[in-house]
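Just so we're on the same page, this note's numbering is the position in the sequence shown counted from 1, plus 1. Here a beta-carbon is modelled for each residue, glycine too, at the ideal position from N, C-alpha and C.
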Amino acid sequence: MKTAQNLALSLVLALGAGAAFAEGPIEGNDVFNFQSTLSRAEVQAQAVQANEAGLIARGEIVPVEDKVASTGLSRAQVRAEAAEAVRLGLTARGELLPVATPAQAEQIRNAGLRAVGGNQLVQSGNAAVIAN
2 MKTAQNLALS LVLALGAGAA FAEGPIEGND VFNFQSTLSR AEVQAQAVQA
52 NEAGLIARGE IVPVEDKVAS TGLSRAQVRA EAAEAVRLGL TARGELLPVA
102 TPAQAEQIRN AGLRAVGGNQ LVQSGNAAVI AN
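Structure representation (structure tokens):
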């Protein structure tokens, strides 16, 4: 008799737990009630335009808008500044992100200017520095 009670209790608890999980959304599969302000034809026209513009993702290929940021620095300046940052030990190693002091930031900037200007006079804030 005791075995039958234990079995029945286990069965009731298992079914109760299953019912508790059955009500909520599972990993984003929630259904939203949505009323569109566009007609079906307008949505289809937008889809055709997006497809023609290449904005529809296919597989793992995701469309990217070509936006190029320009820093105004030449390749030589960037290379010289990177080399100076490495020399000063200011490159990231693992999770450690070193922060340059103002003096180190100025050294890095001057290294980039020297790469472009050669031995010309480099203006550094208020003071003039001769770049080597």
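{"Asked": "Under the assumption that Gly113 contacts Ala81 (Cβ atoms under 8 angstroms), give the Cβ distance between them as a whole number of angstroms.", "Found": "5 angstroms"}
{"Asked": "Below 8 angstroms, how does it come out for the stretch 67-74 and the stretch 85-105: are there three or more Cβ pairs, yes or no?", "Found": "no"}
{"Asked": "Is the beta carbon of Ile109 less than 8 angstroms from the beta carbon of Glu85?", "Found": "yes"}
{"Asked": "When you compare each of Leu91, Ser75 and Glu53 to Arg115 by their alpha carbons, which one comes out closest?", "Found": "Ser75"}
{"Asked": "Helix, strand or coil for Leu8, going by three-state DSSP, please let me know.", "Found": "helix"}
{"Asked": "Residue range of the alpha helix (DSSP H) that Gln105 falls in?", "Found": "Pro103 to Gly118"}
{"Asked": "How would you call Gln50, buried or exposed, if buried means at least 16 neighbouring beta carbons within 10 angstroms?", "Found": "exposed"}
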